[in-house]
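To keep things clear, I will list the structure first and then write my remarks on it.
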Amino acid sequence: MRIAQVAPLFESVPPKLYGGTERVVHWLTEELVDLGHDVTLFASGDSATRARLVPGAPRSLRLDQGCMDQMAHHFVMLERVFGSWRQFDLIHFHVDYIHYPLSRRYRVPHVTTLHGRLDIPDLVPLYQEFSEVPVVSISDAQRKPLPWLNWMDTVYHGFPRHLYSLNERPGNYLAFLGRVSPEKGLDRAIRIALRAGVEIKIAAKVDRADKEYFETVIRPLLSEPGVEFIGEIGQREKGDFLGNALALIFPIDWPEPFGLVMIEAMACGTPTLAFPNGSVPEVIRDGVAGIICHSVEQAAECLAGVAALSRRECRKTYEKRFTSERMASDYLRIYTRVIERHAQTPQRAVRGRPGRDLEEPRLVPDPGNLVPSA
1103 MRIAQVAPLF
1113 ESVPPKLYGG
1123 TERVVHWLTE
1133 ELVDLGHDVT
1143 LFASGDSATR
1153 ARLVPGAPRS
1163 LRLDQGCMDQ
1173 MAHHFVMLER
1183 VFGSWRQFDL
1193 IHFHVDYIHY
1203 PLSRRYRVPH
1213 VTTLHGRLDI
1223 PDLVPLYQEF
1233 SEVPVVSISD
1243 AQRKPLPWLN
1253 WMDTVYHGFP
1263 RHLYSLNERP
1273 GNYLAFLGRV
1283 SPEKGLDRAI
1293 RIALRAGVEI
1303 KIAAKVDRAD
1313 KEYFETVIRP
1323 LLSEPGVEFI
1333 GEIGQREKGD
1343 FLGNALALIF
1353 PIDWPEPFGL
1363 VMIEAMACGT
1373 PTLAFPNGSV
1383 PEVIRDGVAG
1393 IICHSVEQAA
1403 ECLAGVAALS
1413 RRECRKTYEK
1423 RFTSERMASD
1433 YLRIYTRVIE
1443 RHAQTPQRAV
1453 RGRPGRDLEE
1463 PRLVPDPGNL
1473 VPSA
């Protein structure tokens, strides 16, 4: 199958440091290549892949100090995607909704994995307009705000089995890995550790939007005994950081669409102490790969219980549910279904606003030209 993967340009594929979506795109792309598919990856020019790479920008935009308008590069990339659309049996988008007006107008099978939160009122009119777009969720919980979308399926994230190894002899600290922000609950994680009298190590990045939260809420807590702030780490450091932890702490305060760090910890044999928001009850089987708590006080009390969980069972749970082989297999089934539906769809007109549908010849341009013909 000739497949295009279209990644965001904010991070390279895979990311040099923090980055969830781009990391998942990397694992999926490489697995599809291993399965013998002809894959083209649209991503930043500093990406590393065995697929055919088409750069949408010279380098990842977050680390490019000279980049002032990140969306400009994404639109250049979309021009390149749709300029070569006839080369693909299917295009798989990971760039949220920015391609919808174009993918509506080109007769090419496509699917979009939604990687973010959907409980945003502004998304309702958007998806009322683009209700035909086939989309994939990364957890069933992610769908709840918009259950009426054209959902193809839910596909949980996965990564290669060799990426992390089981560590049955961890250290005695709690690990917090991810992003410093109110919704990720770092302040609660620190309070849990302090209440339980356990060391906590924090490997996290601080985005510009969260600097005030970091300075006013988090920085004062970093002087407490047993609190160590490491900063942002990359893939190479993750295995030791997570594998040596007594437990991962994940006290989120938002509808988490997936939570990649939970399965990364699971692959190391490290259980998770988490709050039951978003996808958490789907990813963490309570009492097997972690314990789900509802308050700082309860989490501190549950720490002994989570540390007693079998690390071998954590690893087995990862191997059964969250490998890249399983993820690629799930997506290939969706690709086949989307292609079959596309072949059965009448090609008379492309849907527009009610009463404003236009005949397809006026909407489908030549491959290198995005201006509708007169």
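Residues are numbered in my numbering as their position in the sequence shown, beginning at 1, plus a constant of 1102. Here a beta-carbon is modelled for each residue, glycine too, at the ideal position from N, C-alpha and C.
Identify the continuous alpha helix (DSSP H) that holds residue i and give its terminal residues.
| i | result |
| --- | --- |
| Leu-1362 | 1362-1369 |
| Phe-1331 | Premise fails: Phe-1331 lies in the beta strand (DSSP E), 1329-1331, not in any alpha helix (DSSP H). |
| Met-1254 | Run containing Met-1254: none in the alpha helix (DSSP H); it sits in the beta strand (DSSP E), 1253-1256. |
| Arg-1338 | 1337-1345 |
| Tyr-1433 | 1426-1446 |
| Gly-1389 | Careful: Gly-1389 lies outside any alpha helix (DSSP H) and carries neither H nor E. |
| Arg-1161 | No alpha helix (DSSP H) contains Arg-1161, which DSSP labels as neither H nor E. |
| Ala-1406 | 1398-1409 |
| Tyr-1120 | Where Tyr-1120 is concerned, there is no enclosing alpha helix (DSSP H), given that its DSSP letter is neither H nor E. |
| Glu-1415 | 1413-1423 |
Assuming residue i contacts residue j under a Cβ cut-off of 8 Å, what Cβ separation, rounded to an integer in Å, is found between them?
| i | j | result |
| --- | --- | --- |
| Leu-1180 | His-1201 | 6 Å |
| Arg-1125 | Leu-1143 | At roughly 13 Å, the Cβ-Cβ gap does not stay under 8 Å, so Arg-1125 and Leu-1143 are not in contact. |
| Ala-1306 | Leu-1276 | Not really, about 13 Å apart at Cβ, beyond 8 Å. |
| Tyr-1433 | Val-1156 | Incorrect: roughly 20 Å between the Cβ atoms, too far for contact. |
| Ile-1441 | Leu-1163 | Contact doesn't hold; Cβ gap of about 32 Å is too wide. |
| Glu-1133 | Glu-1427 | 6 Å |
| Asn-1346 | Gly-1392 | About 17 Å; that fails the 8 Å criterion. |
| Phe-1190 | Thr-1214 | About 15 Å; that fails the 8 Å criterion. |
| Asp-1140 | Ile-1105 | 7 Å |
| Ser-1241 | Glu-1384 | 5 Å |
| Met-1254 | Ile-1436 | 5 Å |
| Gln-1244 | Leu-1228 | No, Gln-1244 and Leu-1228 are not in contact; Cβ-Cβ is about 16 Å, not under 8 Å. |
| Ile-1351 | Leu-1323 | That belief does not hold up - the Cβ atoms of Ile-1351 and Leu-1323 are roughly 14 Å apart, past 8 Å. |
| Gly-1158 | Arg-1182 | 7 Å |
Rounded to whole angstroms, what is the Cα-Cα separation between residue i and residue j?
| i | j | result |
| --- | --- | --- |
| Cys-1404 | Leu-1375 | 8 Å |
| His-1128 | Arg-1321 | 34 Å |
| Phe-1112 | Leu-1119 | 12 Å |
| Arg-1209 | Pro-1236 | 14 Å |
| Ile-1304 | Gly-1287 | 12 Å |
| Ala-1109 | Ser-1381 | 23 Å |
| Ala-1319 | Arg-1310 | The question names Ala, but residue 1319 in the sequence shown is Val. Approximately 15 Å, taken between the alpha carbons. |
| Asp-1355 | Gly-1147 | 35 Å |
| Thr-1131 | Gly-1138 | 11 Å |
| Gly-1121 | His-1259 | 14 Å |
| Leu-1465 | Arg-1207 | With a pLDDT of only 36 at Leu-1465, under the threshold of 50, the placement of this residue in the model should not be trusted; the figure read from the coordinates follows. Cα to Cα, Leu-1465 sits roughly 6 Å from Arg-1207. |
| Pro-1327 | Ser-1114 | 36 Å |
| Arg-1453 | Ser-1205 | In this prediction, Arg-1453 scores a pLDDT of 48, lower than 50, which makes its location untrustworthy; the coordinate-derived value is nonetheless stated afterwards. Cα-Cα distance, rounded: 11 Å. |
| Val-1282 | Thr-1447 | 46 Å |
| Thr-1123 | Gly-1407 | 32 Å |
| Glu-1421 | Pro-1373 | 14 Å |
| Arg-1290 | Arg-1423 | 29 Å |
| Pro-1117 | Arg-1161 | 11 Å |
| Phe-1377 | Pro-1353 | 5 Å |
| Thr-1151 | Ala-1145 | 10 Å |
| Lys-1418 | Phe-1261 | 14 Å |
| Ala-1402 | Glu-1301 | 12 Å |
| Asp-1312 | Val-1329 | 20 Å |
| Pro-1247 | Ile-1222 | 8 Å |
| Val-1308 | Phe-1316 | 7 Å |
| Glu-1339 | Met-1364 | 16 Å |
| Phe-1184 | Ser-1239 | 24 Å |
| Ala-1451 | Asp-1198 | Only weak support exists for where Ala-1451 lies, its pLDDT of 45 falling under 50; the value from the coordinates is given anyway. Approximately 25 Å, taken between the alpha carbons. |
| Gly-1168 | Ser-1149 | 18 Å |
For the beta strand (DSSP E) that residue i lies in, which residues bound it at each end?
| i | result |
| --- | --- |
| Phe-1195 | 1192-1195 |
| Thr-1123 | Run containing Thr-1123: none in the beta strand (DSSP E); it sits in the alpha helix (DSSP H), 1123-1136. |
| Asp-1140 | 1140-1146 |
| Thr-1215 | 1212-1215 |
| Arg-1104 | 1104-1108 |
| Thr-1374 | 1374-1376 |
| Phe-1112 | Careful: Phe-1112 lies outside any beta strand (DSSP E) and carries neither H nor E. |
| Leu-1165 | First-last for Leu-1165: undefined, no H or E at that position. |
| Leu-1350 | 1349-1352 |
Cβ of residue i less than 8 Å from any chain B Cβ?
| i | result |
| --- | --- |
| Leu-1411 | The structure shown contains no chain B; it holds only a single protein chain. |
*asked:* Three Cβ pairs or more, each shorter than 8 Å: is that satisfied between the segment 1403-1415 and the segment 1171-1179?
replied: no
*Quick one: any contact between the segment 1353-1369 and the segment 1260-1269, if contact means 3 or more CB pairs under 8 Å?*
Taking 8 Å as the limit for Cβ pairs, the verdict is that the segment 1260-1269 does touch the segment 1353-1369.
_Touch test, the segment 1225-1234 against the segment 1395-1403, Cβ-Cβ under 8 Å, three pairs minimum_ = no
*asked:* If we require 4 or more residues per run, which alpha helix (DSSP H) segments fall completely within the segment 1258-1337?
replied: 1288-1298
*In chain order, which alpha helix (DSSP H) runs of at least 4 residues are fully inside the segment 1167-1246?*
1172-1185, 1202-1207, 1225-1231 and 1242-1245
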